[in-house]
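> For the sequence shown, the positions run 5 to 305 when my numbering is used.
Backbone N, C-alpha and C define an ideal beta-carbon position, used for all residues, glycine too.
Treat the numbers as computed from the prediction; the structure is a model and nothing was measured.
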Amino acid sequence: MIKITLPDGSLREYDQPLSVHEVAASIGPGLANAAVAGRVDGALVDCEFMIKANARVSIVTPQEPDGLEILRRSCSLMLAMAVKQLHSHAQMRTGSVLGDGFFCEFAVERPLTSTDLPLIEARMQSLAATNHSIRRRDTPSPSLHPEHLSVYRLGDSEYLTTGPHVPTTKVLQAFALDHISGTLQQRIYGTCWSSHQELQQWRLPPHVMVVSIDESQASYAQSVTETLRRTGVRALADLRHEKVGYKIRQHSQTVPYLVVIGEKEQAGGFVSVRSRSGEDFGRMKVEVACEWLRQPGNGHV
Numbered sequence: 005m006i007k008i009t010l011p012d013g014s015l016r017e018y019d020q021p022l023s024v025h026e027v028a029a030s031i032g033p034g035l036a037n038a039a040v041a042g043r044v045d046g047a048l049v050d051c052e053f054m055i056k057a058n059a060r061v062s063i064v065t066p067q068e069p070d071g072l073e074i075l076r077r078s079c080s081l082m083l084a085m086a087v088k089q090l091h092s093h094a095q096m097r098t099g100s101v102l103g104d105g106f107f108c109e110f111a112v113e114r115p116l117t118s119t120d121l122p123l124i125e126a127r128m129q130s131l132a133a134t135n136h137s138i139r140r141r142d143t144p145s146p147s148l149h150p151e152h153l154s155v156y157r158l159g160d161s162e163y164l165t166t167g168p169h170v171p172t173t174k175v176l177q178a179f180a181l182d183h184i185s186g187t188l189q190q191r192i193y194g195t196c197w198s199s200h201q202e203l204q205q206w207r208l209p210p211h212v213m214v215v216s217i218d219e220s221q222a223s224y225a226q227s228v229t230e231t232l233r234r235t236g237v238r239a240l241a242d243l244r245h246e247k248v249g250y251k252i253r254q255h256s257q258t259v260p261y262l263v264v265i266g267e268k269e270q271a272g273g274f275v276s277v278r279s280r281s282g283e284d285f286g287r288m289k290v291e292v293a294c295e296w297l298r299q300p301g302n303g304h305v
């Protein structure tokens, strides 16, 4: 007999090993459909993970941060699959979650352009509708893989990636591609959300754009963005692997305020604030910047 303790403290008993998805299904069909992963004794696992002993189990859905990150991670794999189907010469190098979305990096013989993005996104929509499974594959020598990486199969390709991943592509519905950079080494960036309503909210013009100088500040820049949002400021983060001058020039055309983050800002818990016209308001603590930007006329929604 296997005893499963749920987050509310209730206890369920099963007479044989079962998967995380089967636990979700035993609770209710709605939860089973929403499940993207599970948490077994505190560890994130795929829905197909088999529970063979007593454990504390919770079902992860896209409505929580871990679930949303899993959606984005899996969207990165689906992007890789779509690009490979449309451009057989492209070879995926890496892919990851980034801020509000994800990216994939490819080595290409012929550079792709922004005009390719709608076709790639349409192919991703088709793959989502076709409902491909994403399965972790046990390998004979898992110790040969870098730490935290596993082999996952999507379609006829396998990827060495961080897990867990969503069980099927049908879960991936609210996503969009928005940028491509590079020449022979190219990155395609996109965003992914748990619902189309959230995607449309993300598409609204921001009042503040948080700009990282390089990738080492990405996590701090995203945390600043989320802090701004919690205080009522409509903010987005540009974490792309582009020169900061390019990003500032691009956003200065449309966004009232820019929050720039580099090594010094990250080390001191600061941000540097400037207006679209180039006026520099100096460095501020994050809390001070949030309060200042919330004032009428200073970017408050």
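(1) Runs of 3 residues minimum, wholly inside the segment 44-122: which ones carry the beta strand (DSSP E) assignment?
(2) Let me know the secondary structure DSSP gives I252 once reduced to three states.
(3) Going by the CB atoms, is the gap between V87 and P168 shorter than 7 Å?
(4) Tell me which same chain residues have a C-beta within less than 7 Å of the C-beta of A36, skipping the five on either side of it?
(5) Kindly indicate which residue of Y163, S92, S223, V277 has the alpha-carbon position closest to the one of T143.
(6) Within the continuous alpha helix (DSSP H) that includes T231, where are the two ends?
(7) Do you know how far the Cα of R140 is from the Cα of I6?
(8) What are the boundary residues of the beta strand (DSSP E) that includes R280?
(9) So what does L164 bridge to, in DSSP terms?
(10) With DSSP as the reference, label S30 as helix, strand or coil.
(11) Nearest to E219 by alpha carbon, out of E230, S199, D242?
(12) Using the C-alpha atoms, what's the distance from P33 back to R16?
(13) DSSP three-state label for M244, please.
(14) Between G99 and L81, how many whole angstroms is the CB-CB distance? I'm expecting something under 8 Å.
(15) Are there three or more Cβ pairs, one per stretch, closer than 8 Å when the segment 244-262 is compared with the segment 201-213?
(16) Run through DSSP, which three-state label would G272 get?
(17) May I ask you to list the residues that DSSP assigns as paired with W197?
From the atom records:
(1) Those beta strand (DSSP E) runs which fall completely within the segment 44-122 and span 3+ residues are 47-49, 59-64, 95-102, 105-111.
(2) In this structure, I252 counts as helix in the three-state DSSP scheme.
(3) Here P168 is not near V87, since their CB atoms are 7 Å or more apart.
(4) The answer, listed in chain order, is H25, A28, A29.
(5) Its Cα nearest to that of T143, the residue Y163 stands out among Y163, S92, S223, V277.
(6) Here the alpha helix (DSSP H) through T231 covers 222-234.
(7) The alpha-carbon atoms of I6 and R140 are separated by roughly 24 Å.
(8) No beta strand (DSSP E) holds R280; DSSP gives it neither H nor E.
(9) DSSP lists V155 as partners of L164.
(10) Of the three classes helix, strand and coil, the one that applies to S30 here is helix, per DSSP.
(11) Of the candidates E230, S199, D242, the residue whose Cα lies closest to the Cα of E219 is D242.
(12) Roughly 16 Å between the two C-alpha positions.
(13) The sequence given here places Arg at residue 244; Met does not occur at that position. Reduced to three states, the DSSP call for R244 is coil.
(14) Contact flag correct, Cβ pair sits at about 7 Å.
(15) Counting C-beta pairs with one atom in each stretch, the segment 244-262 and the segment 201-213 have three or more that are closer than 8 Å, which means they touch.
(16) Taken through DSSP and simplified to helix, strand or coil, G272 comes out as helix.
(17) Partner(s): A178.
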